[in-house]
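To start, the structure under review is shown below, and the notes come after it.
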Amino acid sequence: MILERLRKELIANISHELKTPLGIVKGFAEGLQDNVAYDKRDRYAVHILSDGVSFYFTVDQSIGEVGDNNVHE
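Laid out in structure tokens, this is it:
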């Protein structure tokens, strides 16, 4: 029972941490696609790259925190 609760909390936390940078990247990409603020496209590209790196780091960190622990026990 405790392991199941911890597993659900872990998944909820990871989900939140992943959705935040993905939402930002999506927003900037949509802005580029829709030609919103054409003069700011370089800045948007920098944000997309930066948040993409943040997303990659979050995934890597999350996997590291889980480590060798089996959350399905």
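Residue numbers (my numbering): 11 to 83.
Yeah, the Cβ is synthetic: ideal placement off N, Cα and C, and Gly gets one too.
Point to revise | Neighbour-count burial assignment, D49, 16 or more Cβ in a 10 Å radius | key: Along the sequence shown, read from residue 1 onward, the residue named residue 49 stands at position 39. D49 should be labelled exposed.
Review point. Where does D44 fall in DSSP's three states?
Key: For this step, residue 44 is matched to residue 34 along the sequence shown. Coil.
Review point. Between the segment 24-34 and the segment 60-75, do at least 3 Cβ pairs fall closer than 8 Å?
Key: yes
Point to revise | Proximity below 8 Å, CB of L16 to CB of T68 | key: Sequence index remark: in the sequence shown, residue 16 carries index 6 (1-based). Sequence index remark: in the sequence shown, residue 68 carries index 58 (1-based). The answer is no: Cβ separation not under 8 Å.
**Study point:** Contact under 8 Å by Cβ, L42 with R51
**Key:** The count along the sequence shown starts at 1 and reaches residue 42 at position 32. The count along the sequence shown starts at 1 and reaches residue 51 at position 41. Result yes, Cβ atoms of L42 and R51 sit closer than 8 Å.
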